[in-house]
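See below for the structure under consideration.
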Amino acid sequence: MRIAVVGAGLIGRQHARLIADHPRLELAYVVDPFVRAEDLDVPIGAVVDRLEPVLNDVEGVLVATPNALHREYALLALEAGVPALVEKPLAESIESAREIVDAVDRTGTPVLVGHHRRHSPLLAKAVETIAAGELGEIVAVNGLALFHKPDDYFDVGPWRTTRPGGGPILINLIHDVDNLRALCGDITRVRSVTSSARRGFEVEDTAAVILEFANGALGTFLLSDVAASARSWEQTSGENPRYHSAPDEDCYHIAGTRGSISVPTLRLRYYPEKRSWWEPFAVTELAQERHDPLRRQLDHFAEVIAGTAQPKVTAADGLESVRVVAAVEESALTGMPVDLGAPAGLSAAGRSPDVAAQ
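Quick note: the sequence shown uses the numbering used here, first residue 188, plus one each step.
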């Protein structure tokens with residue numbers, strides 16, 4: 188299956204390497220006006236400036252451009268009837284994300300959103316355990332994404348320090364929002380506060396969020412990219428070897444009426460009989476399986492292209508996560524809670540089975 192990767196930045200090059208090594212996919216084109224084929228150091232058909240001329244020569248498009256360009260390239264692929272894998276976030280705004288969802292409905296061409304952690308076997312096991320009722324009814328959710336980005340992370344340009352969307356809410360929290368939706372269902376209301384006190388940038392470096400879920404559960408989430416802590420998905424899951432791993436730490440804890448689970452260690456505690464704080468828990472650590480979720484995402488994309496699978500993370504899912512993150516930003520700005528109401532993308536684009544099952 189011939190693939191065009193649009194955008195040769197950090198994540199685009201990672202995708203290009205994985206595609207070049209994939210048994211079912213072929214890296215036919217990289218679309219980027221600022222790179223040469225020899226800069227990429229992978230087997231490649233050609234580097235081109237524009238996507239339109241090569242759309243009739245590929246079976247899939249992977250959009251890894253800056254966020255503001257996701258809509259443009261996703262729509263080009265969809266109008267040409269070519270399935271697309273669009274990196275997270277689906278788009279930089281609710282309006283742009285909704286345009287992509289509408290295009291999926293109109294054309295019948297699938298979009299897989301690049302929330303790659305949804306392809307993690309660790310997350311899948313936790314989703315399966317909760318869906319099976321092992322915890323009873325979900326009561327409370329606690330999430331953490333506390334990490335310290337190095338100073339040179341901000342050297343790439345002013346957009347990471349001065350422009351809306353450059354802080355960890357849109358760049359990092361959106362991953363966790365998607366994870367929590369898979370684990371606990373739709374989020375219907377948020378309240379948040381943010382701070383830029385530590386780095387002093389115009390964008391936030393820290394946020395605290397209160398979440399209300401459609402199933403009645405309440406949640407809290409702490410986010411910071413200046414915290415000397417290892418409680419984030421990348422640092423606890425051990426799935427990306429570039430990050431120092433703290434395998435004894437967790438970044439999510441979900442408690443129900445019968446039991447609770449910590450993720451990604453998959454430590455499960457539950458009452459086998461009488462539920463009381465006087466009674467002992469049965470304690471187990473579920474079997475852990477680790478695979479590169481980016482590679483598994485490409486395996487799934489190949490099935491989506493072939494028509495043998497529906498996207499695990501649909502355009503409607505991507506829109507919903509963008510809506511939640513936008514509500515977090517709005518609440519921080521106004522000081523007021525923001526009601527999300529019912530999910531906005533329930534149409535032919537559908538939602539993934541993970542979220543729909545909650």
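Note that CB positions come from ideal geometry on N, CA and C, so glycine has one too. Fair warning: this is a prediction, and the values are worked out from it, not measured in the lab.
Check, Outcome
"Touching by the beta-carbon criterion (3+ pairs, under 8 Å), the segment 268 to 287 and the segment 411 to 429", "no"
"Beta-carbon gap between H302 and D365 smaller than 7 Å", "yes"
"Rounded C-alpha distance that separates E421 from L481", "13 Å"
"I206 - DSSP class collapsed to helix/strand/coil", "helix"
"Opening and closing residue of the beta strand (DSSP E) in which L249 lies", "G247 to V250"
"Delimiting residues of the beta strand (DSSP E) encompassing E466", "Per DSSP, E466 belongs to no beta strand (DSSP E) and is neither H nor E."
"Residue interval of the beta strand (DSSP E) (run including R285)", "Element bounds for R285: not the beta strand (DSSP E) but the alpha helix (DSSP H), I281 to T294."
"Inter-residue spacing [alpha-carbon to alpha-carbon] between A514 and R368", "15 Å"
"Proximal residues to A212 (C-beta, below 7 Å), its chain only, five neighbours per side dropped", "The sequence given here places Leu at residue 212; Ala does not occur at that position. Hits under 7 Å: M188, I190, I206, L485 and A489."
"Bounding residues of the alpha helix (DSSP H) (the contiguous stretch that carries T162)", "This structure gives no information on residue 162, because the portion of the chain shown stretches from 188 to 545."
"Cβ pair count under 8 Å reaching 3, the segment 490 to 504 against the segment 465 to 480", "no"
"Beta carbon of F341 nearer than 7 Å to that of R350", "no"
"Beta-carbon gap between V235 and V241 smaller than 7 Å", "yes"
"Expected contact under 8 Å - CB spacing of L183 and I374 to nearest Å", "Residue numbering for the chain in the displayed model covers 188 to 545; residue 183 lies beyond these limits and cannot be assessed."
"I231 (DSSP reduced to helix, strand or coil)", "coil"
"Pairwise C-alpha distance: P355 and L381", "It is Thr, not Leu, that sits at residue 381 in the sequence shown. T381 and P355: Cα-Cα distance of roughly 11 Å."
"Contact set for A404: own chain, Cβ-Cβ below 7 Å, skip 5 residues either direction", "I325, V326, A327, V328 and C371"
"Residue from T296, P467 and R305 whose Cα sits closest to the Cα of L246", "One point to set straight first is that residue 246 is Glu, not Leu, in the sequence displayed. Of the listed residues, the one whose Cα sits closest to E246 is T296."
"Any 3 or more C-beta pairs closer than 8 Å across the segment 515 to 528 and the segment 375 to 395", "yes"
"Buried or exposed (CB count within 10 angstroms, at least 16 for buried), S447", "buried"
"Between the CA atoms of P530 and S432 - distance to the nearest angstrom", "35 Å"
"Start-to-end residues for the alpha helix (DSSP H) that takes in I317", "P308 to A318"
"Extent of the continuous beta strand (DSSP E) run through Y260", "Counting along the chain, Y260 falls outside any beta strand (DSSP E), though it belongs to the alpha helix (DSSP H) covering H257 to E266."
"Boundaries of the beta strand (DSSP E) in which F400 is found, first to last residue", "T393 to F400"
"Beta-bridge pairing of E213 - partner residues as DSSP gives them", "R189"
"7 Å CB neighbourhood of N427 in its chain, flanking five on each side removed", "E421"
"Three-way DSSP call (helix, strand, coil) for H303 in this model", "helix"
"Rounded straight-line distance, which links the Cα of E517 to that of V291", "27 Å"
"When D435, R456 and V396 are compared against A442, the one with the closest alpha-carbon", "R456"
"Residues near T393 by beta carbon distance below 6 Å, same chain, minus five either side", "S382 and S411"
"Segment limits, alpha helix (DSSP H) that includes T173", "The structure shown does not extend to residue 173, since the chain is modelled only from 188 through 545, so no value can be given for it."
"Pair within 7 Å by beta-carbon distance, L357 and L409", "no"
"Backbone secondary structure at F488 - three-state DSSP", "helix"
"Beta-bridge partners of I448, as assigned by DSSP", "I441 and L455"
"Rounded distance between the beta-carbons of L249 and V192, thought under 8 Å", "5 Å"
"CA-to-CA distance, R285 to A175, given in whole angstroms", "Residue 175 cannot be examined here, being either before or after the span of the chain that is shown, 188 to 545."
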